[in-house]
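Chains as they are written, first to last, in the working numbering: chain F, 21 to 385; chain D, 254 to 635. Cβ coordinates follow ideal geometry from the N, Cα and C atoms, glycine included. Since we're looking at a predicted model, the values are computed, not measured. All remarks here apply to the structure that follows.
Right, dumping it as structure tokens:
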């Protein structure tokens with residue numbers, strides 16, 4: 021179970037149930053032979069801090085293995101938890117139901133004792149069975165919103181966003197059941213970090229005058245939002261631009277969209293959007309747009325630590341040197357600013373001038 | 254009889270202070286009047302700088318109105334004022350802030366636009382950095398302005414996001430648009446817009462027998478996915494935590510459109526859950542001038558202490574945090590709670606424990622639906 025992850029066949033649940041049986045059988049065989057089972061769990065990383073550039077981060081290639089055996093007590097506990105969670109997952113698949121990580125925790129609270137234990141077991145199972153979390157029928161609440169020139173259906177239900185281009189629709193949670201209506205009317209996808217910016221665009225009827233699709237994850241994007249964005253790009257082949265605050269959190273969210281998160285590193289292939297481009301706000305354009313001095317707040321100590329840590333990430337050096345340059349500038353200047361600073365002089369500046377001119381002029385990195 | 258019901262709030266109404274929902278020209282007119290009054294006093298033979306009389310938003314000024322002929326009670330703010338004066342050192346800055354936000358809102362309304370609170374912060378920050386060091390001052394001053402001009406926050410041009418969602422046996426139709434069937438909206442449901450004008454115009458039709466208010470998004474999603482509203486003909490609604498005005502407005506509209514339908518609340522067994530239930534039920538002090546009108550007779554379905562003792566294993570209980578105890582204390586001290594609620598709250602505090610609805614999954618996945626159905630059929634709600 022190393023290296024590239026094998027594709028799942030179309031009948032995913034039965035495929036997974038087979039893999040679960042196979043895994044259990046191998047553990048049982050070992051036990052009945054009087055041996056300790058050895059469960060090998062690959063480790064994945066979406067970045068490291070090596071400067072050589074010769075790492076295998078974020079390629080779907082494992083960077084090491086953990087070997088769990090019954091010879092160590094902590095491993096025994098981990099295996100116990102893993103098998104119990106696996107049993108719940110098997111029931112979910114057999115009954116075609118969905119559950120959340122929290123629900124699973126409550127099924128055996130005495131054994132699990134803490135939510136984080138369940139979370140880790142689910143990650144381990146995904147790695148062992150070489151699948152994504154949603155394949156296990158483990159889901160979370162959806163937090164994303166979408167609006168604009170789009171039509172899609174989720175399990176047969178139609179969502180004609182195009183009829184109300186300035187109304188927000190929730191991003192569907194079961195992205196595997198989504199079919200995008202390929203009508204090719206939208207020209208690009210705009211991803212915004214914050215809900216308040218999404219509201220501003222809706223209020224300004226941005227999508228009426230600009231043929232695009234606007235998506236927000238309302239902060240750090242959850243798994244359904246990231247999968248939905250990937251699906252949009254795969255099906256519609258549109259450019260994707262990201263609008264975030266010019267501060268460490270904003271840029272971290274940007275990197276999450278493009279390179280994925282460490283937590284879900286094992287599933288990076290299906291969750292990253294390498295095509296996404298940083299539209300704004302750049303530290304280097306703060307002067308160009310004459311943002312008022314008062315809107316530029318100083319970086320806190322915590323902000324500076326975050327930026328320094330981000331600068332060490334291997335993927336920035338390798339794949340996004342321009343982003344790295346802007347991050348350096350952010351640190352050097354010691355000032356951050358939010359997107360709302362653009363609305364200070366004129367509320368419609370963002371929708372009527374900044375965004376259209378940047379997109380038309382191709383000013384993104 | 255209907256006349257009697259409508260007039261039953263007549264006497265309590267007289268001490269009730271409320272914020273009107275006004276159109277932009279009406280709000281601008283009130284601002285102009287405020288300015289003219291101020292100038293008039295300044296220009297008088299014995300000139301003075303008027304104080305700003307703001308309706309006090311402290312619990313000491315809150316009252317409870319108990320419906321005379323209906324079951325609905327609500328919290329409202331009464332006639333006690335607190336004055337912001339330029340003459341006193343500790344209120345001078347907040348006095349100035351109110352005028353600054355008033356000016357900003359006036360300009361925005363003139364442009365026929367809306368702002369988010371964050372955008373307002375940045376505008377004020379650039380305009381007068383000494384007065385608005387953080388978002389907190391802006392939010393507080395907006396509430397002051399609501400209390401001064403007696404118009405809703407939405408009327409001032411502040412954009413409100415809708416956080417709520419609804420699913421189930423409900424047909425919603427915006428005028429001149431196609432009807433939306435909330436039972437086929439998927440597990441996320443139909444998103445409730447933040448625009449109260451839009452919500453006002455929705456036409457609602459239903460064949461449900463109950464409205465179930467769900468505290469948490471995760472539970473709402475689970476129930477919507479399992480189509481629980483088909484097994485028990487119902488409408489599910491959630492605001493994903495403390496309800497925003499739009500969700501409460503929507504719930505209130507439903508309760509007016511379908512007066513015979515019981516509204517049942519499903520919250521975690523902890524003080525915060527009860528506080529959320531009470532916000533739907535009575536309104537809140539923080540938004541006391543606006544919230545009272547959307548109070549609904551929500552009954553407490555679950556989780557309650559009998560459920561905890563019978564259905565939740567000891568290990569699934571979590572300790573109460575200091576914040577929970579604070580919420581419990583403030584709820585117990587308000588005189589809006591009925592005795593049965595106070596008893597439940599006292600049990601929570603005494604045991605020092607709380608439980609989430611998810612704890613019911615101990616009994617398997619099917620259990621939550623069965624639990625709801627049983628309780629509803631037995632009319633086990635308070």
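_What does the Cβ neighbour count give for residue 265 (chain F), buried or exposed, with the cut at 16 atoms within 10 Å?_
buried
*Could you confirm whether any beta carbon from chain D is found closer than 7 Å to the beta carbon of residue 360 (chain F)?*
yes
*Please report how far the alpha carbon of residue 310 (chain F) lies from the alpha carbon of residue 347 (chain F), in whole angstroms.*
20 Å
*In whole angstroms, what is the alpha-carbon distance linking residue 160 (chain F) and residue 523 (chain D)?*
22 Å
*On the three-state DSSP scale, how would you describe residue 424 (chain D)?*
strand
*Is residue 348 (chain D) close to chain F, meaning its C-beta is less than 7 Å from at least one C-beta of that chain?*
no
*In terms of residues, what are the limits of the beta strand (DSSP E) holding residue 272 (chain D)?*
Premise fails: residue 272 (chain D) is in no beta strand (DSSP E) and is neither H nor E.
*For chain D, find out if any of its Cβ atoms is closer than 7 Å to the Cβ of residue 24 (chain F); answer yes or no.*
Only weak support is given to the placement of residue 24 (chain F): the predicted model assigns it a pLDDT of 38, under 50, and the question is left unresolved by the model.
*7 Å Cβ cutoff met for residue 124 (chain F) and residue 108 (chain F)*: yes
*Within chain F, the residues that residue 332 (chain D) reaches when beta carbons sit closer than 9 Å*: Neighbours of residue 332 (chain D) on chain F: none; closest Cβ ~35 Å, over 9 Å.
*Would you say residue 341 (chain F) reaches chain D, if we count a Cβ-Cβ gap shorter than 7 Å as a contact?*
no
_Please classify residue 24 (chain F) as buried or exposed, where buried requires at least 16 neighbouring CB atoms within 10 angstroms._
For residue 24 (chain F), the predicted model reports a pLDDT of 38, less than 50, meaning its position is unreliable and no value from the coordinates is stated.
_DSSP three-state assignment for residue 24 (chain F), whether helix, strand or coil_ = Low local confidence applies: a pLDDT of 38 at residue 24 (chain F) is under 50, so the model's placement there is unreliable, with the coordinate-based value given in what follows. DSSP places residue 24 (chain F) in coil when its eight states are reduced to three.
*Note down, in chain order, each residue of its chain lying with its Cβ closer than 8 Å to the Cβ of residue 591 (chain D), except the 5 sequence neighbours on either side.*
635
_Best match in D:580, D:571, D:559 for proximity to residue 597 (chain D) [C-alpha to C-alpha]_ = D:559
*Name the residue from F:46, F:110, F:103, F:131 whose alpha carbon lies nearest to the alpha carbon of residue 144 (chain F).*
F:103
*Using a C-beta to C-beta distance shorter than 8 Å, which residues of chain D count as neighbours of residue 70 (chain F)?*
Here the premise fails: no neighbours, minimum Cβ distance about 39 Å.
*For residue 134 (chain F), which three-state DSSP category applies?*
coil
*Would you say residue 312 (chain D) and residue 329 (chain D) are within 7 Å of each other, going by their C-beta atoms?*
no
*Buried or exposed for residue 426 (chain F), please, with buried defined as at least 16 other CB atoms from any protein chain shown within 10 angstroms of its CB.*
In the structure as shown, chain F starts at 21 and stops at 385, and residue 426 (chain F) therefore has no counterpart that could be examined.
*Residues of chain D with a CB under 8 Å from the CB of residue 367 (chain F): which are they?*
361, 364, 366, 368, 372
*Looking only at C-alpha atoms, which of D:452, D:284, D:426, D:424 sits nearest to residue 413 (chain D)?*
D:452
*May I have the straight-line CA-CA distance separating residue 99 (chain F) from residue 60 (chain F), to the nearest angstrom?*
11 Å
_The alpha helix (DSSP H) enclosing residue 508 (chain D), as first and last residue numbers_ = 498-510
*Which residues in the same chain as residue 34 (chain F) place their Cβ atom closer than 6 Å to its Cβ, once the five residues preceding and following it in sequence are excluded?*
none
_Within 7 Å of any Cβ in chain D, is that where the Cβ of residue 33 (chain F) sits?_
no
_Beta-carbon neighbours of residue 189 (chain F), restricted to chain D and to distances below 9 Å_ = 441, 444
*Take the Cβ of residue 588 (chain D) as the centre, count every other Cβ of all protein chains shown within 10 Å, and call the residue buried at 16 or more, exposed below.*
exposed
*For residue 474 (chain D), decide whether its Cβ has a neighbour in chain F, counting only Cβ atoms nearer than 7 Å.*
yes
*Would residue 373 (chain F) be called buried (16 or more neighbouring beta carbons within 10 Å of its own) or exposed?*
exposed
*Should residue 375 (chain D) be labelled buried (16 or more other beta-carbon atoms within 10 Å of its own) or exposed?*
buried
*Find out if the Cβ-Cβ distance for the pair residue 418 (chain D), residue 444 (chain D) is shorter than 7 Å.*
yes
*One or two residues paired with residue 481 (chain D) in a DSSP bridge*: None; residue 481 (chain D) has no bridge partner.
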